[in-house]
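Participant:
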Amino acid sequence: MVLGFSVDELLPKARGGGVLKMGLAKLDESDWLQPDPDLAVRAEGFAAYPEGVQLLPEVEAPGAELAAMLGISGSLPEAAAAHHEDMCLLTLRPGDEQYRLIGAAVAWPSDWEPAAKLGLPLRALHAPIQGYEEQLGSGVDNFMAKLKPGAIYGRCNWFIAATGERRWVAEPPERAFAHVTPENAGETLFVRSERQTLSRLPETGAVLFTIGIYVAPLGKLSKQNIARLAEAMPRLLDGEGDRRGADFYAQALTRYSASL
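Read in numbering that gives the first Met the number 0, the sequence shown has 132 at position 133, and its numbers run on one by one without any break.
(1) Does the stretch 45-61 come within contact of the stretch 75-86, defined as at least 3 CB pairs closer than 8 Å?
(2) Give me, in chain order, the residues of the same chain whose beta-carbon lies closer than 6 Å to that of Ala103; leave out the 5 immediate sequence neighbours on both sides.
(3) Could you tell me which of Ser109, Asp110, Arg99, Gly149 sits nearest to Leu117, measuring between CA atoms?
(4) Going residue by residue through the stretch 58-133, where are the continuous alpha helix (DSSP H) segments of at least 4 residues, counting only ones entirely within it?
(5) Output needed for Gly44: all residues of its chain with C-beta closer than 7 Å, excluding positions within five of it in sequence on either side, in chain order.
(6) Taking Cβ positions, are Phe208 and Leu197 nearer each other than 8 Å?
(7) If we ignore side chains and look at the alpha-carbon of each, how far apart do Ala46 and Leu23 end up?
(8) Run the CB neighbour count on Leu121, radius 10 Å, all protein chains shown included, and call it buried at 16 or more, exposed below.
(9) Between Ala160 and chain B, is the shortest Cβ-Cβ distance under 8 Å, so that the two count as touching?
(10) With a 10 Å radius around its C-beta and 16 neighbouring C-beta atoms as the bar for buried, classify Ala184 as buried or exposed.
(11) Asp237 to Arg243, Cα distance in whole Å?
(12) Quick check on Gly149: does DSSP put it in helix, strand or coil?
(13) Relative to the alpha-carbon of Glu193, which residue among Leu69, Ala60, Asp85 has its alpha-carbon at the smallest distance?
(14) Short check: CB of Asp227 to CB of Leu10, under 8 Å?
(15) Alpha carbons only, please: which of Gly153, Val179, Ala249 is nearest the one belonging to Val31?
(16) Let me make sure I understand the geometry here. Which of Gln97, Ala144, Ala229 has the alpha-carbon closest to that of Tyr248?
(17) Can you give me the Cβ contacts of Ala63 inside the same chain, cut-off strictly under 8 Å, excluding the 5 residues immediately before and after it?
(18) Excluding five sequence neighbours on each side, which residues of the same chain lie with their C-beta closer than 8 Å to the C-beta of Phe189?
(19) Along the chain, where does the beta strand (DSSP E) that runs through Thr187 open and close?
(20) Might you give, ordered along the chain, the residues of its own chain that have their beta carbon closer than 7 Å to the beta carbon of Gln97, omitting 5 neighbours on each side?
(21) Could you give the distance in angstroms between the alpha-carbon of Pro36 and the alpha-carbon of Ala42?
(22) Whole-angstrom Cβ separation of Pro181 and Ala231, contact assumed at under 8 Å?
(23) Cα separation between Leu69 and Pro56?
(24) What does DSSP give as the partner residues of Tyr213 in its beta bridges?
(25) How many Å lie between Ala175 and Thr187 at the Cα?
(26) Starting from Ala249, trace the alpha helix (DSSP H) in both directions and tell me its first and last residue.
(27) Which residue from Ala39, Gln33, Thr203 puts its Cα closest to that of Arg92?
(28) Which class does Leu26 belong to by DSSP, given the choice of helix, strand or coil?
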C-alpha cells in the first residue's frame with residue numbers, strides 16, 4: 000500500500016471517526032519515510048522546542064542502531080533531525096507486558112508533551128484517547144508482540160485545528176474556533192494529518208514509531224476530501240467530539256463544504 004506524503008493523499012486512507020481501529024497497512028521500504036525532507040525546517044522545529052527530545056539511558060543502543068540503519072552516525076535525535084518524521088523508540092522491559100516509551104525526538108507534537116510520556120507503557124501513553132483501552136488496547140499489545148524485523152506498517156489520521164503550525168498545542172475549543180464561520184472556514188480551519196509507521200529494529204528489538212506531520216488549510220484540499228470531512232462530522236460528534244472540539248467547528252465545516 001502507498002500512503003502518500005500530503006494531507007490530500009492521506010485523508011482517503013484515514014479513519015473518519017467512529018470506532019477506533021488500528022487501520023495498519025504493510026508498506027514497502029520505498030514508502031517508509033518522506034524522501035525529500037526540509038532539514039532547515041526540521042532544525043528550526045527542534046530549536047524552538049528542545050523539550051521534544053526526551054531520552055532514557057536505555058535508548059542509547061537502539062538509538063545508535065536506528066541512526067546506523069538510516070546511514071548516519073549518532074543517536075535517536077540525529078536520526079529524527081535528518082528526516083521529516085518525528086521518531087520514538089519503545090522497548091519491552093523484562094517482566095513487563097506492555098512496550099514503553101524510552102526515547103522521543105519530536106519537533107512537531109500533536110497536543111502532547113514527550114516529557115510527560117517518557118517511560119510510560121502503551122496503555123498509559125494513550126490514556127487521553129477516548130475508547131483506546133476498550134477498543135484498541137489488546138490489539139495494539141498483540142501487534143507489538145508479533146511485529147517482525149523488516150516489516151513496516153503504516154496508518155494515518157486527521158484532526159481539525161485552528162492553526163497551521165506544525166507544533167500544535169490545542170487551545171480550549173470555544174476560544175480556538177470562535178472566529179470560524181461557514182464563509183471563512185476554508186482559511187481558518189486547518190487539517191492536520193499524522194502519517195505514522197511502526198517497525199522493529201533487528202538487533203536491539205526496539206520498536207520504532209515515526210510520525211510525519213502534514214498540515215493544510217481546509218480550502219486548499221480537493222473538493223472530494225472536503226466533502227469526506229463533512230460526511231465524517233456526525234460520526235466525530237458522536238464518538239470523539241469532546242476530545243477534538245468538533246462541536247465548535249462542525250457546522251461551519253459542513254456548511255462550507257455544501258457551498259462549494
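We put the beta carbon where it would ideally sit given N, CA and C, even for glycine.
Keep in mind it's a predicted model, so treat the numbers as computed, not measured.
Facilitator: Short version:
(1) yes
(2) Gln53, Cys87, Pro113
(3) Arg99
(4) 59-68, 75-80, 113-116, 121-124
(5) Ala106, Trp107, Arg165, Arg166
(6) yes
(7) 32 Å
(8) buried
(9) Of the protein chains in the structure, only one exists, and it is not chain B.
(10) buried
(11) 11 Å
(12) coil
(13) Asp85
(14) Note that residue 227 is Arg in the sequence shown here, rather than Asp. Yes.
(15) Contrary to the premise, residue 31 reads as Trp rather than Val in this sequence. Closest option to Trp31, Cα to Cα, is Gly153.
(16) Ala229
(17) Gly73, Ser74
(18) Ile159, Ala160, Ala161, Thr162, Gly163, Val214, Ala215, Pro216, Leu217
(19) Per DSSP, Thr187 belongs to no beta strand (DSSP E); it is in the alpha helix (DSSP H), 184-187.
(20) Pro120, Leu121, Arg122, Asp140
(21) 11 Å
(22) Not a contact, Cβ separation roughly 17 Å.
(23) 21 Å
(24) Ser192
(25) 10 Å
(26) 249-257
(27) Thr203
(28) strand
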